[in-house]
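Right, one structure below, let's go through it.
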Amino acid sequence: DAGVIQSPRHEVTEMGQEVTLRCKPISGHDYLFWYRQTMMRGLELLIYFNNNVPIDDSGMPEDRFSAKMPNASFSTLKIQPSEPRDSAVYFCASSPRGGRDTEAFFGQGTRLTVV
Amino acid sequence: LAKTTQPISMDSYEGQEVNITCSHNNIATNDYITWYQQFPSQGPRFIIQGYKTKVTNEVASLFIPADRKSSTLSLPRVSLSDTAVYYCLVGPGSGNTGKLIFGQGTTLQVKP
Numbered sequence: 860d861a862g863v864i865q866s867p868r869h870e871v872t873e874m875g876q877e878v879t880l881r882c883k884p885i886s887g888h889d890y891l892f893w894y895r896q897t898m899m900r901g902l903e904l905l906i907y908f909n910n911n912v913p914i915d916d917s918g919m920p921e922d923r924f925s926a927k928m929p930n931a932s933f934s935t936l937k938i939q940p941s942e943p944r945d946s947a948v949y950f951c952a953s954s955p956r957g958g959r960d961t962e963a964f965f966g967q968g969t970r971l972t973v974v
Numbered sequence: 002l003a004k005t006t007q008p009i010s011m012d013s014y015e016g017q018e019v020n021i022t023c024s025h026n027n028i029a030t031n032d033y034i035t036w037y038q039q040f041p042s043q044g045p046r047f048i049i050q051g052y053k054t055k056v057t058n059e060v061a062s063l064f065i066p067a068d069r070k071s072s073t074l075s076l077p078r079v080s081l082s083d084t085a086v087y088y089c090l091v092g093p094g095s096g097n098t099g100k101l102i103f104g105q106g107t108t109l110q111v112k113p
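As you go down the protein sequences, you meet chains R and D in turn.
Under our numbering, the very last position in the first sequence is 974; numbers go up by exactly one each time.
Under our numbering, the very last position in the second sequence is 113; numbers go up by exactly one each time.
Take a look at the structure:
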């Protein structure tokens with residue numbers, strides 16, 4: 860398996876524009892996580908899915924952020940409208956199961972810059 | 002979810018053994034302890050996981066005392082390429098919630 864695939868790797872957009880980040884999890888994994896990483900706040904969990912269903916979105920900063928998982932092989936994180944403070948590296952991760960003894964596999968991340 | 006506390010940073014030299022300790026005083030009975038490593042510009046990578054006593058793999062060892070209120074990640078004979086941020090995670094434990102929460106991590110700097 861190629862691992863977790865995220866696209867694009869880099870995104871530069873202007874304030875107010877819509878941004879869509881994409882993730883393809885590892886085949887067969889039941890859990891999918893979206894994280895945001897900044898120097899100030901570290902690695903923050905935004906939302907995670909189990910079997911394509913959002914389980915916990917308490918980390919989503921505000922209504923401008925939305926995430927979907929229409930099927931087991933694809934997820935999107937959308938920001939509309941984008942703001943400069945959304946600039947960060949966004950990681951997607953998947954794991955074969957939740958619970959105690961599990962390992963999450965991370966993608967390479969999308970570096971988002973909002974100017 | 003159990004809160005973890007680990008040193009913000011550590012320095013070491015090539016060839017030395019490095020031990021990073023994580024405190025997790027309110028760990029639940031069925032929580033596991035997991036360590037991840039993150040290099041610059043990459044996503045975190047699983048290193049090792051354990052429940053009690055000692056676990057060893059090709060990368061590291063994990064020591065967990067009987068009370069499980071702390072754990073120590075041991076990296077034998079580090080090299081410059083071990084410079085990274087190391088995260089200690091506890092849980093998700095009860096209910097198999099699947100939630101993975103990362104703390105601030107420990108930045109390890111290995112010097113020549």
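A virtual CB, placed ideally from N, CA and C, is assigned to each residue, including glycine.
Remember, it's a predicted structure, so these values are computed and weren't measured experimentally.
For residue j and residue i, the rounded distance between their alpha carbons
{"i": "D/GLN105", "j": "R/VAL948", "result": "16 angstroms"}
{"i": "R/CYS951", "j": "R/GLY968", "result": "7 angstroms"}
{"i": "D/THR1", "j": "R/SER932", "result": "No answer is possible for residue 1 of chain D: the residues shown for chain D start at 2 and end at 113."}
{"i": "D/ASN20", "j": "R/THR872", "result": "42 angstroms"}
{"i": "R/ALA926", "j": "D/TYR14", "result": "43 angstroms"}
{"i": "R/PRO940", "j": "R/MET928", "result": "20 angstroms"}
{"i": "D/LYS55", "j": "D/SER24", "result": "16 angstroms"}
{"i": "R/HIS869", "j": "D/PRO41", "result": "15 angstroms"}
{"i": "R/GLN876", "j": "D/SER71", "result": "46 angstroms"}
{"i": "D/ASN58", "j": "D/ILE65", "result": "15 angstroms"}
Nearest-angstrom beta carbon gap, residue j and residue i [assumed within contact, 8 angstroms]
{"i": "R/PRO943", "j": "R/MET898", "result": "15 angstroms between Cβ atoms; not a contact."}
{"i": "D/TYR33", "j": "D/TYR52", "result": "5 angstroms"}
{"i": "D/THR73", "j": "D/SER10", "result": "Wrong, their Cβ atoms sit about 17 angstroms apart, outside the cutoff."}
Close-in-space but distant-in-sequence residues of the same chain around residue i (CB under 8 angstroms, 5 per side omitted)
{"i": "D/GLU18", "result": "SER75, LEU76, PRO77, ARG78 and VAL79"}
7 angstroms CB neighbourhood of residue i in its chain, flanking five on each side removed
{"i": "D/SER95", "result": "Low per-residue confidence applies at D/SER95: pLDDT is 43, beneath 50, and the placement is therefore not dependable enough to give any value."}
{"i": "D/ARG69", "result": "ILE28 and LYS53"}
{"i": "R/PRO955", "result": "GLY887, HIS888, ASP889 and THR961"}
{"i": "D/ASP83", "result": "LEU76, LEU109 and VAL111"}
{"i": "R/ASN911", "result": "MET928, ASN930 and ALA931"}
Closest residue to residue i among the options (Cα-Cα distance)
{"i": "D/VAL1", "options": "D/ARG69, D/ILE49 and D/LYS53", "result": "No answer is possible for residue 1 of chain D: it lies beyond the span of chain D, which begins at 2 and ends at 113."}
{"i": "D/ARG81", "options": "D/CYS23, D/ASN58, D/ILE34 and D/LYS112", "result": "The sequence as given places Leu at residue 81 of chain D; Arg does not occur at that position. Here the closest residue by C-alpha is D/LYS112."}
{"i": "D/VAL91", "options": "D/THR84, D/LEU101 and D/LEU63", "result": "D/LEU101"}
{"i": "R/ARG895", "options": "R/PHE924, R/VAL974, R/SER886 and R/PRO884", "result": "R/PHE924"}
{"i": "R/ARG881", "options": "R/HIS888, R/LEU891 and R/PRO867", "result": "R/PRO867"}
{"i": "D/TYR88", "options": "D/SER62, D/ARG46 and D/ASP12", "result": "D/ARG46"}
{"i": "D/LEU63", "options": "D/GLN110, D/THR84 and D/THR22", "result": "D/THR22"}
{"i": "R/TRP893", "options": "D/PHE103, D/THR107, D/LEU109 and D/THR108", "result": "D/PHE103"}
{"i": "D/ALA67", "options": "D/ILE9, D/ASN58, D/ASN26 and D/GLN110", "result": "D/ASN26"}
{"i": "R/ILE885", "options": "R/ILE906, R/ASP922 and R/GLN865", "result": "R/GLN865"}
{"i": "R/THR935", "options": "R/LYS883, R/ALA861 and R/GLY918", "result": "R/LYS883"}
{"i": "R/ILE914", "options": "R/ARG900, R/ALA861 and R/ILE906", "result": "R/ILE906"}
Sub-8 angstroms separation of residue i and residue j beta-carbons
{"i": "R/VAL863", "j": "R/GLY966", "result": "yes"}
{"i": "R/GLY918", "j": "R/LEU904", "result": "yes"}
Close-in-space but distant-in-sequence residues of the same chain around residue i (CB under 6 angstroms, 5 per side omitted)
{"i": "D/THR35", "result": "GLN50 and LEU90"}
{"i": "R/ASP945", "result": "ILE938 and VAL973"}
{"i": "D/GLY16", "result": "ARG78"}
Residue i: CB within 7 angstroms of a non-hydrogen atom of the ligand GDP
{"i": "R/PHE924", "result": "What this structure holds is no ligand at all, so the ligand GDP is not there to describe."}
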